[in-house]
Amino acid sequence: MTEFFLPELPRLLPVAYHPNAAQIEFRSNGWVRSRLADCFASEEDLLTFLRQRNGLYGPLTVPYTDERRALDVADWYQYVTVIDSLVSDRSALGADEARAREVFADIMGDFHGDGGGSGDFAYGVAGKELWRRISPGLSPDQIRRFAGALEAFLRGCVTEIRFKLTERVPDYETCMTVRLDSFGCDFIRLMTEYAADVDMTGCDRILADVHTHCMRQMIIVNDLLSWRKEHAQDDKMTVARVLIEREGLGLQSCVDRLCELIDHHERAYIAARDQVLNGPHGTRPGIRAYLKGLDHLIGGSAEFEYLTPRYFGDGYVWDGSTSGWISLTAPVTRFRARPSTDTSTESNTDSDTDTDTQSGSPQAPTPSMTRS
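Just so we're on the same page, my numbering is the position in the sequence shown counted from 1, plus 124.
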């Protein structure tokens with residue numbers, strides 16, 4: 125089976141674009157070219173990355189902050205997405221766990237400024253430039269947490285490389301534990317704090333359930349909507365592959381189960397958030413600002429994952445559709461109203477005009493354009 129039907133996800137949280145989203149995306153793309161071009165094997169690889177519109181992730185997840193901080197956040201997410209892309213590539217960092225460890229040790233050495241980094245490689249130069257911009261807006265406690273968050277992300281990346289090179293698929297909880305690191309959950313929280321200009325250090329107990337359901341919802345949405353890419357790259361550390369290869373679900377059953385989990389965690393996040401807001405800590409301005417930021421983080425992250433060609437093929441252009449049939453094998457796919465008769469290619473003709481006898485197949489609803 126090489127295609128599946130994606131139902132509508134709940135999408136109960138707000139979606140907004142930063143007022144200067146376009147300018148931020150363009151400036152962030154320029155930063156990637158000037159600071160990280162040497163990380164790519166060729167100009168075409170760089171252009172493919174830039175066409176993925178990764179520079180919009182920041183403006184979608186922190187739409188309420190000032191333009192300077194939004195650009196800092198956009199550049200940070202571009203930076204870690206470059207690393208993530210090369211970790212998944214068996215011709216780049218993903219080819220050799222030991223080499224990846226060396227590169228990541230250099231990144232951490234440059235971050236700490238202890239002389240451990242090489243001083244002139246692209247990751248280190250870009251990371252230091254970013255850190256000079258972001259660190260003045262963080263407290264000493266947040267700076268300490270940021271170092272731990274970056275280290276956890278790189279540790280998760282190494283673990284993903286190891287599982288991929290050894291052809292192992294983890295169990296569900298192992299996968300989720302690793303993904304909490306490799307998805308960057310700790311620095312995602314910090315970027316949300318930075319954008320809202322608040323410090324949530326010391327609030328882990330108060331926000332424990334909020335964070336659990338927020339991050340699990342985001343990871344599962346990502347693993348669902350990125351399944352085409354992860355399937356093609358044979359990535360092992362994704363809950364979709366876990367459900368199929370470890371738990372024996374078929375493709376559509378896997379998708380349906382992921383949708384159930386997304387619905388569960390999104391609603392549980394809202395319940396946990398409301399419990400905090402209605403409790404003794406709910407009157408604190410910092411808490412309220414941070415929770416508003418998490419709402420936009422969850423809603424904006426999902427919006428980005430629908431629109432990016434990173435997951436649906438170089439050349440994909442989003443039309444606002446959020447449900448439909450998706451091909452795993454087409455070079456470029458789209459959300460179709462009916463399953464394809466040939467899942468290896470995408471027809472140029474809208475399948476709504478088909479007159480075959482697929483009346484029993486689920487129908488995609490009319491595209492619902494993005495909310496602003």
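In this text, a Cβ means the ideal position worked out from N, Cα and C, and glycines have one as well. All figures in this text were calculated on a predicted structure; none of them were measured in a lab.
- Query: Among P404, I148, D220, D208, which has the Cα closest to the Cα of T185?
  - Reply: Ranked by Cα distance from T185, the first of P404, I148, D220, D208 is I148.
- How big is the Cα-Cα spacing for G497 and I422? Absent from the structure is residue 497, since the part of the chain shown begins at 125 and ends at 496.
- For D333, which residues from the same chain have a beta carbon less than 6 Å from its beta carbon, with the 5 sequence-adjacent residues on both sides left out? If we look at D333 and ignore the five residues flanking it on each side, its Cβ neighbours are A396.
- Straight-line Cα distance separating G403 from A461: Rounded to whole angstroms, A461 to G403 spans 45 Å at the Cα level.
- Return the CA-CA distance between C309 and G406, expressed in angstroms with no decimal places. Answer to the nearest angstrom: the Cα atoms are 23 Å apart.
- Task: Under the assumption that C281 contacts I344 (Cβ atoms under 8 Å), give the Cβ distance between them as a whole number of angstroms.
- Result: Between C281 and I344 the beta-carbon gap is near 19 Å, outside 8 Å, which marks them as no contact.
- If you check the beta carbons only, do F436 and R352 fall under 9 Å apart? Closer than 9 Å, so yes.
- Length of the line joining the Cα atoms of P409 and L401: Whole-angstrom Cα-Cα distance: 10 Å.
- Evaluate D328 with the Cβ neighbour count: other Cβ atoms within 10 Å of its Cβ, from every protein chain shown; 16 or more gives buried, anything less gives exposed. Counting Cβ neighbours within 10 Å, D328 comes out exposed, since fewer than 16 surround it.
- Query: Using the beta-carbon count (16 or more within 10 Å), is M339 buried or exposed?
  - Reply: M339 should be labelled buried.
- Message: Taking the straight line between their C-alpha atoms, what separation do you get for A392 and S166?
- Response: The alpha-carbon atoms of A392 and S166 are separated by roughly 44 Å.
- Rounded to the nearest angstrom, how far is the Cβ of E126 from that of L452, given a contact under 8 Å? Sequence check: residue 126 is Thr here, not Glu. T126 to L452, Cβ: 5 Å. Contact.
- Query: By how many angstroms is the C-alpha of L385 removed from the C-alpha of Q341?
  - Reply: So the alpha carbons of these two residues sit roughly 8 Å apart.
- Message: Using the three-state DSSP reduction, which class does G403 fall into: helix, strand or coil?
- Response: Here DSSP, grouped into helix, strand and coil, assigns G403 to coil.
- Message: Is it buried or exposed, Q176, if we count other Cβ atoms within 10 angstroms and call 16 or more buried?
- Response: Under this definition Q176 is a buried residue.
- Give a yes or no on whether the C-beta atoms belonging to G235 and L274 are separated by under 9 Å. Note on identity: in this sequence residue 235 is Phe, with Gly being the wrong assignment. Contact: yes.
- Which one or two residues does DSSP pair with G448 in a beta bridge? BP columns for G448 point to L130.
- Task: Note down the Cα distance separating T189 from T432, rounded to an integer number of angstroms.
- Result: Cα to Cα, the separation comes out at about 23 Å.
- Task: Determine the DSSP secondary structure at R458, reduced to helix, strand or coil.
- Result: Looking at R458 - three-state DSSP - the assignment turns out to be coil, as it is neither helix nor strand.
- Taking the alpha-carbon positions, what's the H388 to L418 distance? Their Cα atoms are separated by approximately 17 Å.
- Report the three-state DSSP secondary structure of Q376 (helix, strand or coil). Reduced to three states, the DSSP call for Q376 is helix.
- Among T325, R159, R214, nearest to Q266 - alpha-carbon criterion: The candidate whose alpha carbon is nearest that of Q266 is T325.
- Message: Can you tell me whether K360 is helix, strand or coil according to DSSP?
- Response: DSSP places K360 in the coil class of the three-state scheme, outside both helix and strand.
- Task: Please check the pair W155 and D199, which I expect to be a contact at CB under 8 Å, by giving their CB distance rounded to whole angstroms.
- Result: Contact between W155 and D199 is confirmed by a C-beta separation of about 5 Å, below the 8 Å threshold.
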